[in-house]
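Below you'll find the structure, written out as structure tokens, and then a few comments.
2 protein chains.
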Amino acid sequence: MTITAESLSIAQMAEATGLSTHTLRYYEREGLMFAPVDRASSSHRRYTEADVTWVSFLTKLRSTGMPIRDVRRYVELARDGDGTMPERLALLVQHRERVLAQLEEVTASLAAIDYKITLYEGHTS
Amino acid sequence: MTITAESLSIAQMAEATGLSTHTLRYYEREGLMFAPVDRASSSHRRYTEADVTWVSFLTKLRSTGMPIRDVRRYVELARDGDGTMPERLALLVQHRERVLAQLEEVTASLAAIDYKITLYEGHTS
DNA sequence: GTTTGACTTCGAGCGCGCTCGAAGTTTTAC
DNA sequence: GTAAAACTTCGAGCGCGCTCGAAGTCAAAC
Numbered sequence: 001m002t003i004t005a006e007s008l009s010i011a012q013m014a015e016a017t018g019l020s021t022h023t024l025r026y027y028e029r030e031g032l033m034f035a036p037v038d039r040a041s042s043s044h045r046r047y048t049e050a051d052v053t054w055v056s057f058l059t060k061l062r063s064t065g066m067p068i069r070d071v072r073r074y075v076e077l078a079r080d081g082d083g084t085m086p087e088r089l090a091l092l093v094q095h096r097e098r099v100l101a102q103l104e105e106v107t108a109s110l111a112a113i114d115y116k117i118t119l120y121e122g123h124t125s
Numbered sequence: 001m002t003i004t005a006e007s008l009s010i011a012q013m014a015e016a017t018g019l020s021t022h023t024l025r026y027y028e029r030e031g032l033m034f035a036p037v038d039r040a041s042s043s044h045r046r047y048t049e050a051d052v053t054w055v056s057f058l059t060k061l062r063s064t065g066m067p068i069r070d071v072r073r074y075v076e077l078a079r080d081g082d083g084t085m086p087e088r089l090a091l092l093v094q095h096r097e098r099v100l101a102q103l104e105e106v107t108a109s110l111a112a113i114d115y116k117i118t119l120y121e122g123h124t125s
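If you read the sequences in order, they're chains A and B. When we follow full-length UniProt numbering, the leftmost residue of the first sequence carries the number 1, and every step to the right adds one. When we follow full-length UniProt numbering, the leftmost residue of the second sequence carries the number 1, and every step to the right adds one.
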């Protein structure tokens with residue numbers, strides 16, 4: 001396995017992105033890769049720097065709770081070219097709003113939990 | 001169905017907590033209720049104000065992502081009396097730390113998404 | 001040229017948290 | 001008294017997001 005500046009094996013990609021090789025193949029199957037992943041003559045996957053960049057962003061979408069199906073929709077739009085930029089923007093903006101709402105809910109719930117913690121601390125001190 | 005200040009039917013409880021009747025029964029089955037739910041002579045559930053208070057808190061635990069099994073652990077401890085207060089405190093504190101870490105991760109990812117949004121806005125204006 | 005290990009595809013399985021529906025009982029309204 | 005609505009238990013099903021394992025191929029090391 002030759003390491004070049006240009007391409008990564010799936011194991012190296014897993015290392016680079018923090019995802020498992022299983023998850024990388026799964027995401028590809030689910031249509032979440034922007035472009036088809038290159039293959040070596042052996043049919044082994046070869047990831048580019050652009051793939052790393054995209055998967056890193058996709059991971060941020062996922063870590064904020066965007067469903068797989070919405071990520072798929074986003075990449076499908078991206079593949080369709082510049083004309084879909086407004087729609088992609090709308091998708092991201094809508095997602096941001098949902099995330100902010102959820103952050104607020106979690107923060108509010110956490111405040112109640114914190115209050116309970118102070119009660120416990122009062123009783124055990 | 002008589003409405004008293006003292007007890008609620010499952011439908012009223014659903015209304016009061018924002019959960020479905022299915023979910024209320026599910027939580028009970030999973031051992032998440034602090035005390036056994038009262039029954040009318042007809043074997044219909046009768047919820048008390050204390051039940052509302054507890055389910056409201058349980059909902060906050062859930063909305064911050066505490067797994068069912070941890071909520072169960074928490075109520076089991078609570079049922080075992082005051083001696084378990086340090087352990088319950090530890091459980092909540094540990095949960096708070098996980099939630100804060102996740103809030104940070106989500107916030108960081110959201111910043112990257114926001115950045116992408118500004119790029120799109122630059123291109124479409 | 002043989003061994004070792006990283007890769008391939010494919011489909012099945014799993015853990016979580018509900019969610020639903022069937023079949024039967026009870027309550028309420030008329 | 002009767003019809004409709006609300007309840008009961010129970011077990012099955014579902015959507016999501018992986019996760020795993022089997023069976024086979026390929027390549028680098030020796």
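Glycine included, every Cβ here is placed at the ideal spot set by N, Cα and C.
- Message: Can you check whether the C-beta of M85 (chain B) is within less than 7 Å of a C-beta belonging to chain A?
- Response: Taking the first residue of the second sequence as 1, we reach residue 85 (chain B) at position 85. It does: the Cβ of M85 (chain B) has a partner Cβ on chain A nearer than 7 Å.
- Message: Within a Cβ cutoff of 7 Å, which residues of the same chain sit near S56 (chain B), ignoring the five residues on either side of it in sequence?
- Response: Locating residue 56 (chain B) in the second sequence gives position 56, counting from the first residue. Only T17 meet the Cβ criterion.
- Query: Ordered along the chain, which non-local residues of its own chain (more than five positions away) have a Cβ less than 7 Å from that of A14 (chain A)?
  - Reply: Residue mapping note: residue 14 (chain A) aligns to position 14 of the first sequence, counting from 1. These residues qualify, in order along the chain: S20, T21, L24.
- alpha helix (DSSP H) segment containing D70 (chain A), residue limits: In the first sequence, residue 70 (chain A) corresponds to position 70, counting from 1. Per DSSP, D70 (chain A) belongs to the alpha helix (DSSP H) from 68 to 79.
- Message: Within a Cβ cutoff of 6 Å, which residues of the same chain sit near Y27 (chain B), ignoring the five residues on either side of it in sequence?
- Response: Counted from its first residue, the second sequence places residue 27 (chain B) at position 27. Answer for Y27 (chain B): no residue qualifies.
- Message: Can you give me the C-alpha to C-alpha distance between D114 (chain A) and R96 (chain B), rounded to a whole angstrom?
- Response: Along the first sequence, one-based indexing puts residue 114 (chain A) at 114. Along the second sequence, one-based indexing puts residue 96 (chain B) at 96. Using only the alpha carbons, I get a separation of about 8 Å.
- Item | For D51 (chain A), the first and last residue of its enclosing alpha helix (DSSP H) | Your numbering for residue 51 (chain A) matches position 51 in the first sequence. Unbroken alpha helix (DSSP H) run through D51 (chain A): 49 to 63.
- Message: Does the segment 39 to 47 of chain B come into contact with the segment 72 to 90 of chain B, if we say contact requires no fewer than three beta-carbon pairs (one atom in each stretch) closer than 8 Å?
- Response: Using a C-beta cut-off of 8 Å, the segment 39 to 47 of chain B makes no contact with the segment 72 to 90 of chain B, since fewer than three inter-stretch Cβ pairs fall below that distance.
- Message: So, does the segment 71 to 81 of chain B touch the segment 28 to 40 of chain A, judging by three or more C-beta pairs under 8 Å?
- Response: Cβ pair count under 8 Å is below three, so no.
- Query: Along the chain, where does the alpha helix (DSSP H) that runs through H22 (chain B) open and close?
  - Reply: Within the second sequence, numbered from 1, the residue matching residue 22 (chain B) stands at position 22. From DSSP, the alpha helix (DSSP H) with H22 (chain B) extends over 21 to 29.
- Task: List the residues of chain B whose Cβ lies closer than 8 Å to the Cβ of I10 (chain A), in chain order.
- Result: By 1-based counting over the first sequence, the position of residue 10 (chain A) is 10. Neighbours of I10 (chain A) in chain B, taken as residues whose beta carbon is under 8 Å from its own, are absent, since the nearest beta carbon is some 24 Å off.
- Item | Chain-order list of residues whose beta-carbon lies under 8 Å from that of R73 (chain A) (same chain, five-residue window excluded) | By one-based count along the first sequence, residue 73 (chain A) stands at place 73. Answer for R73 (chain A): L91, listed in chain order.
- Backbone CA spacing between I3 (chain B) and P67 (chain A) [nearest angstrom]: For the purposes of this step, residue 3 (chain B) is taken as the residue at position 3 of the second sequence. For the purposes of this step, residue 67 (chain A) is taken as the residue at position 67 of the first sequence. Because I3 (chain B) sits at a pLDDT of 44, beneath the cut-off of 50, its placement in the model cannot be relied upon, and the following sentence gives the value as read from the coordinates. When rounded, the distance between both Cα atoms is 42 Å.
- Task: State the Cα-Cα distance for the pair F34 (chain A) and E49 (chain A), rounded to the nearest angstrom.
- Result: Here residue 34 (chain A) refers to the residue found at position 34 when the first sequence is read from its first residue. Here residue 49 (chain A) refers to the residue found at position 49 when the first sequence is read from its first residue. Rounded to whole angstroms, F34 (chain A) to E49 (chain A) spans 13 Å at the Cα level.
- Task: Taking only the alpha-carbon atoms, compute the straight-line gap between S7 (chain B) and L119 (chain B) and give it to the nearest angstrom.
- Result: Here residue 7 (chain B) refers to the residue found at position 7 when the second sequence is read from its first residue. Here residue 119 (chain B) refers to the residue found at position 119 when the second sequence is read from its first residue. Near 56 Å, if we compare the C-alpha coordinates of L119 (chain B) and S7 (chain B).
- On a CA-only basis, which of A:E30, A:V71, A:D51, A:L89 is nearest S9 (chain A)? Give me that one, please. Here the question's residue 9 (chain A) lines up with position 9 in the first sequence. Cα-wise, what sits closest to S9 (chain A) is A:D51.
- Item | D38 (chain A): contacting residues in chain B (beta-carbon distance under 8 Å) | One-based indexing of the first sequence puts residue 38 (chain A) at position 38. By Cβ distance, chain B contributes nothing, its closest Cβ being about 24 Å from D38 (chain A), past 8 Å.
- Task: For my contact list, L89 (chain B) and E121 (chain A) are in at a C-beta cut-off of 8 Å; report their separation, rounded to the angstrom.
- Result: As a first step, residue 89 (chain B) must be located in the second sequence, where it is residue number 89. As a first step, residue 121 (chain A) must be located in the first sequence, where it is residue number 121. Contact holds; Cβ gap of about 7 Å.
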